[in-house]
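Asks: Would you mind keeping the following structure in view while I ask a few things?
Structure below.
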């Protein structure tokens, strides 16, 4: 019995250490400035854009989903909602507002009140120049912990229109045959989960003053 009493404080200490560790970002945290691909696990396609404009709706640069894992047009950079609000290497928190900037074209993930061409949901486009667009480029990262972890499936909720970044499987024809429509949906469901995949992840830092701002 005495041995059990001596072990109890040690077990309690170990438990408290584990709880505290859960509040800190690990090496798997997605950080500001990271460049990554985002997979929709329900439909096994990656978020993608290219210099192909919509033939209807806004006429802006289209955003799609592609099955290929090696397409260079599927890289997106994690940025803050404004300059200086998401410093390089800082772990992204659940509930944080971010922009996703398409690396190859410099346009931001964007949505607005136009119907999407295939499903008649809300159109999602790429908008702006050299990473600068407008307030409709801002998304909230929804996840279950404190920080966005690369192993977790997360949702992106649009601040301006409150839709979720989604794919439901509709496929385009020429000139982007086989690519899936990306759109905004008003409800959270299994079509709007996304997971961080391939990319260059900036090392997490709890001292953002040591890093340059984006």
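In the numbering used here, the protein residues as written are 64 to 277.
Virtual Cβ for every residue (Gly too), placed ideally from N, Cα, C.
As the structure is a computational prediction, the values presented were derived from the model and not from experiment.
Can you give me the Cβ contacts of residue 263 inside the same chain, cut-off strictly under 6 Å, excluding the 5 residues immediately before and after it?
Replies: Along the chain shown, read from residue 1 onward, the residue named residue 263 stands at position 200. Cβ neighbours of residue 263 beyond the five flanking positions: 98.
Asks: Please list, in chain order, all residues of the same chain as residue 180 whose beta carbon is under 6 Å from its beta carbon, the five residues on each side excluded.
Replies: For the purposes of this step, residue 180 is taken as the residue at position 117 of the chain shown. If we look at residue 180 and ignore the five residues flanking it on each side, its Cβ neighbours are 119.
Asks: Which residue comes first and which comes last in the beta strand (DSSP E) that contains residue 232?
Replies: Here the question's residue 232 lines up with position 169 in the chain shown. Per DSSP, residue 232 belongs to the beta strand (DSSP E) from 227 to 234.
Asks: Report the start-end ranges of each beta strand (DSSP E) in the stretch 169 to 223 that is 3 residues or longer and not cut off at the edges.
Replies: Listed in chain order, they are 171 to 178, 185 to 190, 202 to 205, 216 to 221.
Asks: Which of the three DSSP states, helix, strand or coil, is assigned to residue 119?
Replies: Your numbering for residue 119 matches position 56 in the chain shown. Looking at residue 119 - three-state DSSP - the assignment turns out to be coil, as it is neither helix nor strand.
Asks: Excluding the 5 residues preceding and the 5 following residue 116 in the sequence, name in chain order all residues of the same chain whose CB lies nearer than 8 Å to its CB.
Replies: Walking along the chain shown from the start, residue 116 turns up at place 53. Excluding positions up to five away in sequence, the list reads 122, 123, 124, 125.
Asks: Would you kindly work out how many angstroms separate the C-alpha atoms of residue 129 and residue 111, rounded to a whole number?
Replies: Your numbering for residue 129 matches position 66 in the chain shown. Your numbering for residue 111 matches position 48 in the chain shown. Rounded to whole angstroms, residue 129 to residue 111 spans 6 Å at the Cα level.
Asks: If you pair each beta-carbon of the stretch 251 to 258 with each one of the stretch 100 to 107, do three or more pairs fall below 8 Å?
Replies: Yes: at least three Cβ pairs fall under 8 Å.
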